[in-house]
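Asker: One structure, pasted below without further comment.
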Amino acid sequence: MIKANDPGLQSWIEVPANSDFPIQNLPFGVGALTSLLHNGQGEILSIGGDLAEVDLGGPVTIIGNTVISLEALQAIGYLSSLNLPEGVFSTQYLNEFIELGKPVWRALRDRLSEIFRKDNPELRDDKEARKKCLFNVADVQMLMPVKIGDYTDFYSSKEHATNVGTMFRDPKNALLPNWLHLPVAYHGRASSVIVSGQNFHRPKGQMTPPNTETPVFGPTKALDIELETAFIIGKSTELGQSVSTKDAEDHIFGMVLFNDWSARDIQRWEYVPLGPFLAKNFASTISPWIVTLDALEPFRVKAPEQQTPVLPYLQHAPGNTAVDINLEVYLQPENTDALKICTSNYKYMYWTMDQQLAHHTVNGCNINVGDMMASGTISGPTPDSFGSLLEITWGGANPIKFPNGTERKYLQDGDTVIIKGYAKNDNVRIGFGEAKAKVLPAL
Ligand code: CA
41 MIKANDPGLQ
51 SWIEVPANSD
61 FPIQNLPFGV
71 GALTSLLHNG
81 QGEILSIGGD
91 LAEVDLGGPV
101 TIIGNTVISL
111 EALQAIGYLS
121 SLNLPEGVFS
131 TQYLNEFIEL
141 GKPVWRALRD
151 RLSEIFRKDN
161 PELRDDKEAR
171 KKCLFNVADV
181 QMLMPVKIGD
191 YTDFYSSKEH
201 ATNVGTMFRD
211 PKNALLPNWL
221 HLPVAYHGRA
231 SSVIVSGQNF
241 HRPKGQMTPP
251 NTETPVFGPT
261 KALDIELETA
271 FIIGKSTELG
281 QSVSTKDAED
291 HIFGMVLFND
301 WSARDIQRWE
311 YVPLGPFLAK
321 NFASTISPWI
331 VTLDALEPFR
341 VKAPEQQTPV
351 LPYLQHAPGN
361 TAVDINLEVY
371 LQPENTDALK
381 ICTSNYKYMY
391 WTMDQQLAHH
401 TVNGCNINVG
411 DMMASGTISG
421 PTPDSFGSLL
431 EITWGGANPI
441 KFPNGTERKY
451 LQDGDTVIIK
461 GYAKNDNVRI
471 GFGEAKAKVL
481 PAL
């Protein structure tokens, strides 16, 4: 068993009931003190270069509501037993640390687990050191955790692909012939992946009004969400090299929540024949904490059975290749209470992360540390588990109704969407925090 996952462990840092971040989680992110980031007008400033000179700005982990600076822990010597390269946490992104590989990620989580367990006085009883290492989460702005090189979006939920195919094509042939044989995907845009809390403007583009084929230009009238997760590459490959399903998880650092905002009217007009382009690449929101696959190990479950045989390179050894992660989506129009509009689970995914990565690299496509691979919309079997407004409202036929009478088919300006996720068993709850952003009017 992974030492840091011991469900019996307790921390000397207080962990509120139902916290996403018990000592068994120890996710990784990048944070900076809010007071250092704001210019007084509520705008976030870039954290720039001189990170070592500020109190907190760089790689962090979290227990309960306490953010822990990895740079400070290393500087004071608490991580010396790990022989990490000097300055590995004096950076704006986690990439350098991730490059060190899975045995190092595991050793760091084990060491953090040791430093913060209830009966260990080494930091607990050193008030001066605590002041340098520990910060209240309310004082910390979470930033983009990794420098993303490339971003790929899969299309791996059978329920989602069936729903979309039923609405747009033919219920009898909802899945295209390739769907059961390979994890369909497209190359997305890394530059517009943003972190939770950063709002974005409604995109504009070409769209065709109903029953016309001549496009008009304007702000999208059909702004949608896509409930997804993403995994982050932790080990690079060389051009020409492929990753097997067996080795895939050595190449995966961890997972985040992911909202693939989508403009359906722009998408409908542009997507043939090469797939989504401007309908998707204006913004994608991730949660700031990367939960390691190690922390998710106790929540492994069997993936749905694939009744159509797959080619050998996509086959799995028997085992628990899926993860049981509860997912929720909340919609909050301005001046209205948030309403839960979807309850889904990552375990419904037809194609696993291992298969996605094996497929992505089978042609020799190289991957780099920090690359992000999103799952595709995660819809479950029932209408309350559908992961997009397109499916929840069934193309607008059944609007979402709020208790105060507000209705939504697609998102309006001022709407905030929050995705939450957590894995839970009788002993431990490992959460992801949230991926949250508000739709601002088109510029
Ligand atoms: Ca998507």
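If you use the working numbering, the sequence shown corresponds to residues 41 to 483, in order.
Virtual Cβ for every residue (Gly too), placed ideally from N, Cα, C.
Bear in mind that the values here come from a model prediction, so they are computed numbers and not experimental data.
What does the alpha-carbon distance come out to for the pair residue 160 and residue 232?
Answerer: C-alpha separation (whole angstroms): 43 Å.
Asker: Is residue 128 helix, strand or coil by DSSP?
Answerer: The answer is coil: DSSP assigns residue 128 none of H, G, I, E or B.
Asker: Between which two residues does the alpha helix (DSSP H) containing residue 172 stretch?
Answerer: Residue 172 -> alpha helix (DSSP H) spans 167 to 173.
Asker: Should residue 300 be counted as a contact of ligand 1 given a C-beta to heavy atom distance under 7 Å?
Answerer: Yes, since a heavy atom of ligand 1 falls inside the 7 Å radius drawn around the Cβ of residue 300.
Asker: Taking the alpha helix (DSSP H) that residue 205 falls in, what are its first and last residues?
Answerer: Residues 198 to 208.
Asker: Taking 7 Å as the cut-off, is the CB of residue 416 close to at least one heavy atom of ligand 1?
Answerer: At least one heavy atom of ligand 1 is nearer than 7 Å to the Cβ of residue 416, so yes.
Asker: Out of curiosity, what's the CA-to-CA distance linking residue 152 and residue 340?
Answerer: When rounded, the distance between both Cα atoms is 23 Å.
Asker: Among 173, 445, 371, whose alpha-carbon lies nearest the alpha-carbon of residue 477?
Answerer: Comparing Cα-Cα distances from residue 477 to each of 173, 445, 371, the minimum goes to 371.
Asker: Buried or exposed: residue 312, going by 16 or more other Cβ atoms within 10 Å of its Cβ?
Answerer: Residue 312 is exposed by the Cβ-count criterion.
Asker: What separation, rounded to the nearest whole angstrom, lies between the Cα atoms of residue 212 and residue 206?
Answerer: Going by the C-alpha atoms only, they are around 8 Å apart.
Asker: State whether the region 407 to 421 contacts the region 255 to 275, with contact taken as three or more CB pairs (one from each stretch) at a distance under 8 Å.
Answerer: Taking 8 Å as the limit for Cβ pairs, the verdict is that the region 255 to 275 does touch the region 407 to 421.
Asker: In terms of residue numbering, what span does the beta strand (DSSP E) encompassing residue 414 cover?
Answerer: Counting along the chain, the beta strand (DSSP E) containing residue 414 begins and ends at 412 to 414.
Asker: Within 10 Å of its beta-carbon, does residue 430 have 16 or more other beta-carbons around it, so buried, or fewer, so exposed?
Answerer: So residue 430 counts as buried.
Asker: Between which two residues does the alpha helix (DSSP H) carrying residue 469 extend?
Answerer: Where residue 469 is concerned, there is no enclosing alpha helix (DSSP H), although the beta strand (DSSP E) it sits in stretches over 469 to 480.
Asker: Quick check: what's the CA-CA separation for residue 384 versus residue 176?
Answerer: Cα-Cα distance, rounded: 31 Å.
Asker: Which word fits residue 395, buried or exposed, when buried means at least 16 other C-beta atoms lie within 10 angstroms of its C-beta?
Answerer: Residue 395 is buried by the Cβ-count criterion.
Asker: Excluding the 5 residues preceding and the 5 following residue 199 in the sequence, name in chain order all residues of the same chain whose CB lies nearer than 7 Å to its CB.
Answerer: If we look at residue 199 and ignore the five residues flanking it on each side, its Cβ neighbours are 388, 419, 420, 421.
Asker: Between the alpha carbons of residue 483 and residue 262, how many angstroms are there, rounded?
Answerer: So the alpha carbons of these two residues sit roughly 17 Å apart.
Asker: Three or more C-beta pairs under 8 Å: does that hold for the region 56 to 72 against the region 95 to 104?
Answerer: A contact exists between the region 56 to 72 and the region 95 to 104.
Asker: Following the continuous alpha helix (DSSP H) through residue 135, name the residue where it begins and the one where it ends.
Answerer: Unbroken alpha helix (DSSP H) run through residue 135: 135 to 138.
Asker: For the candidate residues 141, 71, 136, 128, whose alpha-carbon lies nearest to that of residue 107?
Answerer: Among 141, 71, 136, 128, the Cα nearest to that of residue 107 is on 71.
Asker: Output needed for residue 284: all residues of its chain with C-beta closer than 7 Å, excluding positions within five of it in sequence on either side, in chain order.
Answerer: So the qualifying residues of the chain are 398.
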